[in-house]
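For my numbering, add 74 to where a residue sits in the sequence shown, where the first one is 1. Below is one structure; the comments refer to it alone.
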Amino acid sequence: MDIRNVTMRELCKGGLLAALFGAAAPALADYVTVVSFGGASQEAQRGAFYEPFKQATGDAVVYRAYNGDLAKLRQQLEQSHVSWDVVEVEAPELMRGCAEGLFERLEPGLAGSPDDFVPGALQPCGVGIFVWSMALAYDPQRLAQAPQGWADFWDVRRLPGKRGLREGARYNLEFALMADGVAARDVYRVLGSAEGVERAFRKLDELKPHIRWWKTGEEPIRALRDGSVAMSAAYNGRVSAARAEQPLALVWGGSIYDFDYWALPRGVWKGELARRFVAFASQPQQQKALAERIAYGPTNRQALALLSPQVAGELPTAAQNIAGAVGMDAEFWSRHGPALEQRFAAWRKGS
């Protein structure tokens, strides 16, 4: 039985509870609804978090996918009918949602000792799940020369072909500035000025006819596989997961790394169980299990010591990978994101 599509009404039926938990399961066995971004990441979470949580506690995880837009959560809160217990969010959405009161404030020690976590992992309304990167990806078999960075990504004369970018202002404005010669360490200083924003959009103008936009993490992988793009921005974990079928490569220099977080909707119905799940998923063994399934970095420092050198070397947090990368400025995007996304949408529709 696929518990992803089990409804609350069905779960309350004794026969279905027996089917989910087994005839000998405790009468008080419960379930927690966890919403994440789907795809390879959710599949990795299933093996590292969801199934082990059921085995350890007897409580099931009903997992669903969404696109990261908080509009549905806002609607649930407005209707006083919140069906999500735990939701995965990116850093700017966590910060904005916390300020708006969409999320519960969490106890500092919920996931364990704060000293055990990498800086930035523990926020007032969120606990870091993993560190990931948006990086330049390509198929070495399809390119005569390997791109070295975003300047090459923009160079469609020397390296012809379509380019894949995630639809939205975030990431693309940063990439555009780096393609225009801005050093990684200076990206947000430049982007923080009106002149910097204009500069980024002018650079995007150059590439616009050659862009193939994507929304979900699987799309750039498919586009690279079928050759409809020559190179693409992509989630590093999705690229690593796809290497079993195709030898895709990543350019770590100029990549943007960030956290994904667990957050609890305000007034969450199963707050205690939701907190237990977050605490469980934050333990070293579970974090290790996730990193072994998809190349995202653990937020719990103790998990790093448990990883093999081969696995650790594939993570965004590896010293050689993070050296030339940009840390996502969540505060910048929380403050300026709505206006920049609105401008991007207008630019996207323009000729």
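C-beta: ideal position from N, C-alpha, C; glycine also.
Checklist entry - What three-state label does DSSP hand valine 313 in the structure shown? => result Taking the first residue of the sequence shown as position 1, residue 313 is located at position 239. Note: valine 313 maps to helix in three-state DSSP.
Next on the checklist: Below 8 Å, how does it come out for the region 388–403 and the region 146–162: are there three or more Cβ pairs, yes or no?
Outcome noted: Touching, no.
Checklist entry - What are the boundary residues of the beta strand (DSSP E) that aspartate 332 is part of? => result As a first step, residue 332 must be located in the sequence shown, where it is residue number 258. Its beta strand (DSSP E) spans residues 323–337.
Next on the checklist: Between which residues of its own chain and glycine 301 is the CB-CB distance below 7 Å, once the five residues before and five after are set aside?
Outcome noted: Residue numbering aside, residue 301 sits at position 227 when the sequence shown is read from its first letter. Result list for glycine 301: Arg216, in chain order.
Next on the checklist: Given a cut-off of 7 Å on the beta-carbon distance, is the pair arginine 237 and histidine 284 in contact?
Outcome noted: Sequence index remark: in the sequence shown, residue 237 carries index 163 (1-based). Sequence index remark: in the sequence shown, residue 284 carries index 210 (1-based). A contact, by the Cβ cut-off of 7 Å.
Next on the checklist: Please report the straight-line C-alpha distance between aspartate 254 and alanine 225, rounded to a whole angstrom.
Outcome noted: For the purposes of this step, residue 254 is taken as residue 180 along the sequence shown, with counting starting at 1. For the purposes of this step, residue 225 is taken as residue 151 along the sequence shown, with counting starting at 1. Those two C-alpha atoms are separated by around 7 Å.
Checklist entry - Among Leu381, Ala323 and Lys277, which has the Cα closest to the Cα of isoleucine 295? => result The sequence position of residue 295 within the sequence shown is 221, counting from 1. With distances taken between Cα atoms, isoleucine 295 lies closest to Ala323.
Checklist entry - Whole alpha helix (DSSP H) runs in the region 162–191 with 4 or more residues, listed along the chain? => result Counting only runs of 4 or more, we get 165–174.
Checklist entry - What residues match up with threonine 391 in a beta bridge as DSSP calls it? => result Mapped onto the sequence shown, residue 391 falls at position 317. Partner(s): none; threonine 391 has no beta bridge.
Next on the checklist: What does the Cβ neighbour count give for alanine 145, buried or exposed, with the cut at 16 atoms within 10 Å?
Outcome noted: Taking the first residue of the sequence shown as position 1, residue 145 is located at position 71. That one is exposed.
Next on the checklist: Run through the DSSP bridge pairs and tell me what proline 372 is partnered with.
Outcome noted: Position 298 of the sequence shown, counted from the first residue, corresponds to residue 372. Its beta-bridge partners are Phe204.
Next on the checklist: What does the alpha-carbon distance come out to for the pair valine 342 and phenylalanine 177?
Outcome noted: Residue 342 sits at position 268 when you count from the first residue of the sequence shown. Residue 177 sits at position 103 when you count from the first residue of the sequence shown. Spanning the two alpha carbons is a distance of roughly 9 Å.
Checklist entry - With DSSP run on the structure shown, which of helix, strand or coil describes glycine 121? => result What you label residue 121 is simply residue 47 of the sequence shown in a count that begins at 1. In the structure shown, glycine 121 adopts helical secondary structure according to DSSP, grouped into three states.
Checklist entry - Which of the three DSSP states, helix, strand or coil, is assigned to threonine 290? => result By one-based count along the sequence shown, residue 290 stands at place 216. Looking at threonine 290 - three-state DSSP - the assignment turns out to be coil, as it is neither helix nor strand.
Next on the checklist: So if DSSP puts arginine 216 in a beta bridge, which residue, or which two residues, is it bridged to?
Outcome noted: Locating residue 216 in the sequence shown gives position 142, counting from the first residue. DSSP output for arginine 216 lists no bridge partner at all.
Item to check | Three-way DSSP call (helix, strand, coil) for alanine 209 in this model | outcome: Residue 209 sits at position 135 when you count from the first residue of the sequence shown. Note: alanine 209 maps to strand in three-state DSSP.
Item to check | Assigned exposure category for asparagine 141 - 16 Cβ within 10 Å defines buried | outcome: Reading the sequence shown from its first residue, position 67 is the one you call residue 141. With fewer than 16 other Cβ atoms within 10 Å, it is exposed.
Item to check | C-alpha gap between glycine 195 and glutamate 272, whole angstroms | outcome: As a position in the sequence shown, residue 195 is number 121, starting the count at 1. As a position in the sequence shown, residue 272 is number 198, starting the count at 1. The sequence shown places alanine at residue 195, rather than the glycine named in the question. Alanine 195 and glutamate 272: Cα-Cα distance of roughly 32 Å.
Checklist entry - Under 7 Å between the Cβ atoms of aspartate 332 and methionine 402? => result Sequence index remark: in the sequence shown, residue 332 carries index 258 (1-based). Sequence index remark: in the sequence shown, residue 402 carries index 328 (1-based). In this structure, aspartate 332 places its C-beta atom within 7 Å of the C-beta atom of methionine 402.
Item to check | Inter-residue spacing [alpha-carbon to alpha-carbon] between alanine 419 and alanine 165 | outcome: For this step, residue 419 is matched to residue 345 along the sequence shown. For this step, residue 165 is matched to residue 91 along the sequence shown. Near 21 Å, if we compare the C-alpha coordinates of alanine 165 and alanine 419.
Item to check | Those residues which DSSP pairs with threonine 107 across a bridge | outcome: For the purposes of this step, residue 107 is identified with residue 33 of the sequence shown, where counting begins at 1. Bridge partners of threonine 107: Val136.
Item to check | Spatial neighbours of alanine 97 in its chain, beta-carbon cut-off 6 Å, leaving aside the 5 residues before and after | outcome: If you number the sequence shown from 1, residue 97 lands on position 23. Note that alanine 97 scores 38 on pLDDT, short of 50, meaning its location in the model is unreliable; the coordinates nonetheless yield the value given after this. Once the five neighbours on either side are set aside, alanine 97 has no close Cβ partner at all.
Checklist entry - Does the Cβ-Cβ distance between alanine 243 and leucine 414 come in under 7 Å? => result Looking up residue 243 in the sequence shown gives position 169. Looking up residue 414 in the sequence shown gives position 340. Contact flag set, yes.
Checklist entry - Between leucine 347 and glutamate 125, what straight-line distance do the alpha-carbon atoms span, to the nearest angstrom? => result Translated into positions along the sequence shown, residue 347 becomes position 273. Translated into positions along the sequence shown, residue 125 becomes position 51. So the alpha carbons of these two residues sit roughly 15 Å apart.
Item to check | Distance between aspartate 189 and tyrosine 370 (C-alpha atoms, nearest Å) | outcome: As a first step, residue 370 must be located in the sequence shown, where it is residue number 296. As a first step, residue 189 must be located in the sequence shown, where it is residue number 115. Near 20 Å, if we compare the C-alpha coordinates of aspartate 189 and tyrosine 370.
Checklist entry - Tell me the DSSP bridge mates of methionine 305? => result For the purposes of this step, residue 305 is taken as the residue at position 231 of the sequence shown. Tyr212 and Arg237, per the DSSP bridge assignment.
Checklist entry - alanine 393: buried (16+ other C-beta within 10 angstroms of its C-beta) or exposed? => result Start at 1 with the first residue of the sequence shown, and residue 393 comes out as number 319. When all chains shown are included, alanine 393 counts as exposed.
Checklist entry - Given a threshold of 16 other Cβ atoms within 10 Å of its Cβ, counted over all protein chains shown, does alanine 308 qualify as buried or as exposed? => result Translated into positions along the sequence shown, residue 308 becomes position 234. With 16 or more other Cβ atoms within 10 Å, it is buried.
Checklist entry - Can you check whether the CB of arginine 367 is closer than 7 Å to the CB of alanine 173? => result Your numbering for residue 173 matches position 99 in the sequence shown. Your numbering for residue 367 matches position 293 in the sequence shown. It is not a contact, given that the beta carbons lie outside the stated cut-off.
Next on the checklist: Going by beta-carbon coordinates alone, are leucine 363 and proline 372 separated by less than 7 Å?
Outcome noted: Locating residue 363 in the sequence shown gives position 289, where the first residue counts as 1. Locating residue 372 in the sequence shown gives position 298, where the first residue counts as 1. The amino acid at residue 363 is misidentified as leucine; the sequence shows alanine. In this structure, proline 372 does not lie closer than 7 Å to alanine 363 by Cβ.
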